[in-house]
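Novice: I'd like to ask some things about the structure below.
There are 2 protein chains.
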Amino acid sequence: MNIPLYIQVKQKITQELMSGNWRAGDLIPSEIELAQSYQVSQGTVRKAIDELSIEKILIRRQGKGTYVTTHNEEQIQLRFLRLTSSKGNKEKLESQLLSFEKTRVNSYVANRLNLRPGSSVYKIKRVLTFARKPLILDEIYISTIPFKGLNAEMINQKKGSLYRLYESNYGIQMLNADEKIKAVSAEAEVSKLLNIKKGHPILGIERVSYTYGNKPIEWRLGLCLTDEYHYQTELE
Amino acid sequence: MNIPLYIQVKQKITQELMSGNWRAGDLIPSEIELAQSYQVSQGTVRKAIDELSIEKILIRRQGKGTYVTTHNEEQIQLRFLRLTSSKGNKEKLESQLLSFEKTRVNSYVANRLNLRPGSSVYKIKRVLTFARKPLILDEIYISTIPFKGLNAEMINQKKGSLYRLYESNYGIQMLNADEKIKAVSAEAEVSKLLNIKKGHPILGIERVSYTYGNKPIEWRLGLCLTDEYHYQTELE
DNA sequence: GAGTGGTCTAGACCACGGC
DNA sequence: CCGTGGTCTAGACCACTCA
Chain A
0 MNIPLYIQVK QKITQELMSG NWRAGDLIPS EIELAQSYQV SQGTVRKAID
50 ELSIEKILIR RQGKGTYVTT HNEEQIQLRF LRLTSSKGNK EKLESQLLSF
100 EKTRVNSYVA NRLNLRPGSS VYKIKRVLTF ARKPLILDEI YISTIPFKGL
150 NAEMINQKKG SLYRLYESNY GIQMLNADEK IKAVSAEAEV SKLLNIKKGH
200 PILGIERVSY TYGNKPIEWR LGLCLTDEYH YQTELE
Chain B
0 MNIPLYIQVK QKITQELMSG NWRAGDLIPS EIELAQSYQV SQGTVRKAID
50 ELSIEKILIR RQGKGTYVTT HNEEQIQLRF LRLTSSKGNK EKLESQLLSF
100 EKTRVNSYVA NRLNLRPGSS VYKIKRVLTF ARKPLILDEI YISTIPFKGL
150 NAEMINQKKG SLYRLYESNY GIQMLNADEK IKAVSAEAEV SKLLNIKKGH
200 PILGIERVSY TYGNKPIEWR LGLCLTDEYH YQTELE
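Residue numbers (numbering that gives the first Met the number 0), protein chains in the order written: chain A, 0 to 235; chain B, 0 to 235.
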């Protein structure tokens, strides 16, 4: 095998995470302990953990130890939300569930999630509100298989953060996501829900989110009103 | 001083780049040479270069050496362009200059570029075309001071890549950028140039680009037709 | 074969957090 | 005070590039 040792260590650590031995928020063994158990030097473990913490899969805390990233901490909860107020306000986000149903997935979403067309999914519709103004209309699909028993009540309990729900109730962590953005016109139903005129320009954000091993878990389409907000990114 | 050694090495390397001693595309001294000249170990130089190459300021090439990132290489030229065809086509980009003028900057753009309101800037308008269809209408502002003597002919010569022009003719490298995205309606003038109906929804992408030391150099507003294309990002 | 970056080790010391 | 991650060193060997 010509795979570098630190890559192998990375894979071993990832296996512990995928298998559920180490769970979100857990403190993992120290670098020295890992070095002993994998029979490599501390520097090699360090390099593996370095990369995993760049990928935001692990978090180091000097003096304390290395932890598995979690969506349950306040600061990290809105990690995937790129919408910010153009005036710099920091308003509280609220979520209102519109509908929750079990249905069959269409072929487009099935492709994105590596599911068979027509297989069983949960479909979630909701409105996200900032400062009491409706801003985002979400339509979300997840396979019923890993989320067995999910219901509307559970979603309402977690008020807003689906990713916290996935993690705490099903042990599924969202690690990264792809987004595709278009400008579209608000249709009749959308314009009513977002309280705008029909035909008003809005952002259509299509997102696929992935867990360990780049396995796609969730597809969503977010329709966002960007009159007073904007989508923000950094390019390198 | 409590600044880690490798950060100090990073700063020294950055100074070489800012001062113009090492220019875009140059091969910089080897890790061993740098370690000797800075009186630190090779490992420390390595860590400094590691970070600079993550920031895409330097590029390592095994067996050859470490190079200063350049916009002149084909693959890296469209680094900041996030617009891709929804159908997966890879069409050639062409640029058509609409206007080039020297004018006074308004206060909004002045703030973004750390200029005094009313100071002298070049204003560039152009249309970017993919597969012979107009897709992006750009309006670009840069201070006249670092770009003394710039004219329309120089822009036409470089066909498309302004960043290549900045780098090769003025030694100014764009390292990173912030973008703010909104959905807007096409106004009369815009709709004519992009060959769409008035009021059609388009993306408004506002970008500020930075050089060494996070110094803002260029402000631009890109109006993008996203009927057959989309803006793509990855979230971590 | 010489020179470059890439991996790996062993060991020292520092800075931080918490008992 | 101890254990953690963070920095730094010195030296070995590997993998790649090019003359």
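Using N, Cα and C, we set each Cβ at its ideal position, and we do this for glycine too.
At which residues does the beta strand (DSSP E) containing A/D177 begin and terminate?
Specialist: N175 to S184
Novice: How long is the line joining the alpha carbons of B/T128 and B/E217, rounded to whole angstroms?
Specialist: 21 Å
Novice: Can you check whether the CB of B/L92 is closer than 8 Å to the CB of A/A182?
Specialist: no
Novice: Return the chain-ordered ranges of every beta strand (DSSP E) run that is complete within the region 69-97 of chain A and spans a minimum of 3 residues.
Specialist: 82-84
Novice: Please list the partners that A/V183 has in chain B, where partner means a Cβ-to-Cβ separation under 7 Å.
Specialist: P200
Novice: Using only the alpha-carbon positions, how far apart do A/P145 and A/Y169 sit?
Specialist: 7 Å
Novice: Taking only three categories from DSSP, how would you classify B/L192?
Specialist: B/L192: helix per DSSP, three-state reduction.
Novice: Taking the alpha-carbon positions, what's the B/L220 to A/G212 distance?
Specialist: Cα to Cα, the separation comes out at about 38 Å.
Novice: What number of angstroms, rounded off, separates the C-alpha of B/Q7 from the C-alpha of B/D177?
Specialist: 26 Å
Novice: Under the DSSP definition of a beta bridge, which residues are partnered with A/R59?
Specialist: A/T65
Novice: Quick one: what's got a C-beta closer than 6 Å to B/K55's C-beta in the same chain, skipping five residues either side?
Specialist: Here B/K55 has T68 as same chain residues with Cβ atoms under 6 Å from its own Cβ, once five neighbours each way along the sequence are excluded.
Novice: Taking Cβ-Cβ distances shorter than 7 Å, what residues in chain A pair up with B/F79?
Specialist: L234
Novice: Sort A/K147, A/I195, A/S160 and A/I53 by Cα distance to A/K101 and report the nearest one.
Specialist: Ranking the options by Cα distance to A/K101, first place goes to A/K147.
Novice: What residues of chain A sit near B/D177, judged by a beta carbon separation below 9 Å?
Specialist: Among the residues of chain A, those whose CB is under 9 Å from the CB of B/D177 are Q231, T232, E233 and L234, following chain order.
Novice: Helix, strand or coil: how does DSSP classify A/R125 here?
Specialist: strand
Novice: Name, going along the chain, the residues of the region 129-141 of chain B whose beta-carbon falls closer than 9 Å to a beta-carbon of chain A.
Specialist: none
Novice: Nearest chain A C-beta to B/I27 closer than 8 Å, yes or no?
Specialist: no
Novice: If you draw a straight line from the alpha carbon of B/Q231 to that of B/E205, how long is it in whole angstroms?
Specialist: 15 Å
Novice: Which partner residues does A/P215 have in the DSSP bridge list?
Specialist: A/Y209
Novice: Give me the chain A residues within the contact set of B/T225, using Cβ-Cβ distance strictly less than 7 Å, ordered along the chain.
Specialist: Chain A residues near B/T225: K181 and A182.
Novice: Does the pairing of the region 21-35 of chain B with the region 48-65 of chain B give three or more beta-carbon distances under 8 Å?
Specialist: yes
Novice: What residues are listed by DSSP as bridge partners for A/F99?
Specialist: A/I123
Novice: Taking A/I135 and B/H229 to be in contact with their CB atoms under 8 Å, please state how far apart those CB atoms are, rounded to whole angstroms.
Specialist: Between B/H229 and A/I135 the Cβ distance is about 18 Å, and since that is not below 8 Å, they are no contact.
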